[in-house]
Every structure is written in structure tokens, then in C-alpha cells.
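To start, the structure itself, in C-alpha cells.
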Ligand SMILES: [Zn+2]
Ligand SMILES: [Zn+2]
Ligand SMILES: [Zn+2]
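Residue numbers (our numbering): 692 to 904.
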């Protein structure tokens, strides 16, 4: 990238996206930029000022996790992690499979399920389970909690440092060791609340009949 001749440019181009001044070279995410461009056109992605850089970073982390376990960083693992990161929400395995198949028509359901489980075991992604619903795969591996809509099953991330325990409780008397925790708050999401307010009849219908939000 050549510096501008007349003073600093207000913005710098990196991977087809404009970022704030101060970025003087490509972030190194050009390798995933092509795939990102393809994905952007069909599916809305979580708005992030520098999403491609985040994905490149997560793939580097995955490489480190694989190396630490002595397992190969396969193309499928990279591909499924990338797909999940682009989806940006908490999709079910079936939803990940649908998106993966759209991008790579030859991929099988078994492969997607197997790779998702491998990524969870490696600690590269999380798995959120709520009773009565299909397991959700979670690209976020930092400590966070979830808001679960009981009408449309949507799962949203919720950061709440006040809920982060300084020390995990000891339950060794029960022969159990707690390694991790996250809190699921159940309720009604904004979209469902709006639907309910505009069409009060929906409130009496059975859960799920209002469709997915
Ligand atoms: Zn870049
Ligand atoms: Zn909802
Ligand atoms: Zn989450």
C-alpha cells in the first residue's frame, strides 16, 4: 500500500472496506476477503467495523488450539468456523449446515455435525443448550450470557460483568467440579413484543405459531 503524496488520507482501504485513518497497511485478512465478499451478498452479517480481521484472528486461534492438541487444522474446520462467524448469531446445527451447503454444495450434514462437535471440543466455539430447544452453536467464546426468547427461540448475547463471578463455587461435596457457567435469561424479544403489541390475538396462540423472529 503506497502512502498518499499530499498528506495523510482520511481513510485507508483494506480488503474492500473503508476503515478509520491510522490503518497504514492491510490487516492481513485479505485471504478471507474473497470469501467474505461472497458471503456478504447473500446473508446479512453482524455489523462489525473490522469483521475480516476478527475472522483472521479467530482462524489463527483455531490453528493454535489444533496445534496444542496435536490435531490437524483441516480445511473443514476453518470453513465451518468461518461460516459460523459470518452467521453471527446462535444457529442450530441444521442452520449451520444449510449455510455451509449454500457456500459449498458438496458438503454433507454428517461432516458439518462432526466438525461442529470437534470445534466445541477444541474450545474454538461454544455450545449453548436450553431445555426443549435444539443446541445452538456460539461463535463467542468469551464469558457472556444469553437472552432467550421463549416465543421465537432467538438467542442473543448478553454481556454483564456484574454477573461474572470472581471465584466459582466449590461443589466438590457433590463430586462435581464446575469449569464454566453462563446464565440464560428467558423472556420475549423486541420483535416478538412488537408483534404481540400490534396483534394482541397472537398472545393467546401457542408458542411458535408466530414464526421465527
Ligand atoms: Zn485487511
Ligand atoms: Zn422473539
Ligand atoms: Zn452467545
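All C-beta atoms, glycine included, are put in the ideal place defined by N, C-alpha and C.
(request) Note down the Cα distance separating residue 819 from residue 801, rounded to an integer number of angstroms. (result) Start at 1 with the first residue of the chain shown, and residue 819 comes out as number 128. Start at 1 with the first residue of the chain shown, and residue 801 comes out as number 110. Those two C-alpha atoms are separated by around 20 angstroms.
(message) Between which two residues does the beta strand (DSSP E) holding residue 842 run?
(response) Along the chain shown, one-based indexing puts residue 842 at 151. From DSSP, residue 842 is part of no beta strand (DSSP E); its letter is neither H nor E.
(request) Could you check if residue 715 is buried or exposed, using at least 16 other CB atoms within 10 Å of its CB as the buried criterion? (result) The residue given as residue 715 occupies position 24 in the chain shown. Only weak support is given to the placement of residue 715: the predicted model assigns it a pLDDT of 35, under 50, and the value that follows is read from those uncertain coordinates. Flag for residue 715 reads exposed.
(message) Beta-carbon within less than 8 angstroms of residue 787's beta-carbon, same chain only, minus the 5 sequence neighbours each way: which residues are those?
(response) The residue given as residue 787 occupies position 96 in the chain shown. Answer for residue 787: 771, 774, 775, 778, 803, 807 and 828, listed in chain order.
(message) By the DSSP assignment, the beta strand (DSSP E) with residue 755 in it spans what residues?
(response) What you label residue 755 is simply residue 64 of the chain shown in a count that begins at 1. Segment 742-760 is the alpha helix (DSSP H) holding residue 755; no beta strand (DSSP E) there.
(message) DSSP three-state label for residue 829, please.
(response) Within the chain shown, residue 829 is the residue found at index 138, counting from 1. Correct three-state label for residue 829: strand.
(message) Strictly closer than 5 angstroms from CB to any heavy atom of ligand 3: give me those residues in the order they appear in the chain.
(response) 829, 831 and 848
(request) Specify, as a first and last residue, the run of the beta strand (DSSP E) that residue 875 falls within. (result) Numbered from 1 along the chain shown, position 184 holds the residue referred to as residue 875. Unbroken beta strand (DSSP E) run through residue 875: 875-878.
(message) Rounded to whole angstroms, what is the Cα-Cα separation between residue 814 and residue 850?
(response) Here residue 814 corresponds to residue number 123 of the chain shown, with the count starting at 1. Here residue 850 corresponds to residue number 159 of the chain shown, with the count starting at 1. Taking the straight line joining both Cα atoms gives about 19 angstroms.
(request) Kindly indicate which three-state DSSP category residue 641 falls into: helix, strand or coil? (result) What the structure shows of the chain is the stretch from 692 to 904, and residue 641 is not part of that stretch, so it cannot be assessed.
(request) State yes or no: is the C-beta of residue 820 nearer than 7 angstroms to some heavy atom of ligand 2? (result) Translated into positions along the chain shown, residue 820 becomes position 129. Not under cutoff, so the answer is no.
(request) Grab me the residues of residue 764's own chain with a C-beta within less than 6 angstroms of its C-beta, minus the 5 sequence neighbours each way, in chain order. (result) Residue 764 sits at position 73 when you count from the first residue of the chain shown. Closer than 6 angstroms at Cβ, skipping near neighbours: 754 and 757.
(message) At the level of alpha carbons, what is the spacing between residue 838 and residue 799?
(response) Along the chain shown, read from residue 1 onward, the residue named residue 838 stands at position 147. Along the chain shown, read from residue 1 onward, the residue named residue 799 stands at position 108. Taking the straight line from one Cα to the other gives about 31 angstroms.
(request) Consider the C-beta atom of residue 879 and the heavy atoms of ligand 2; say whether any pair is separated by less than 7 angstroms. (result) Against the chain shown, residue 879 aligns to sequence position 188. Yes - ligand 2 has a heavy atom lying nearer than 7 angstroms to the Cβ of residue 879.
(message) Looking at the strands, I want to know which residues DSSP matches up with residue 812.
(response) Translated into the one-based positions of the chain shown, residue 812 becomes position 121. In DSSP, residue 812 forms no bridge with anything.
(request) Tell me whether residue 851 sits in a helix, a strand or coil according to DSSP, three-state version. (result) As a working mapping, residue 851 is identified with position 160 in the chain shown. Coil at residue 851, not helix or strand.
(request) May I ask you to list the residues that DSSP assigns as paired with residue 819? (result) Stepping through the chain shown from its first residue, residue 819 is reached at position 128. Answer by DSSP bridge pairing, in chain order: 827.
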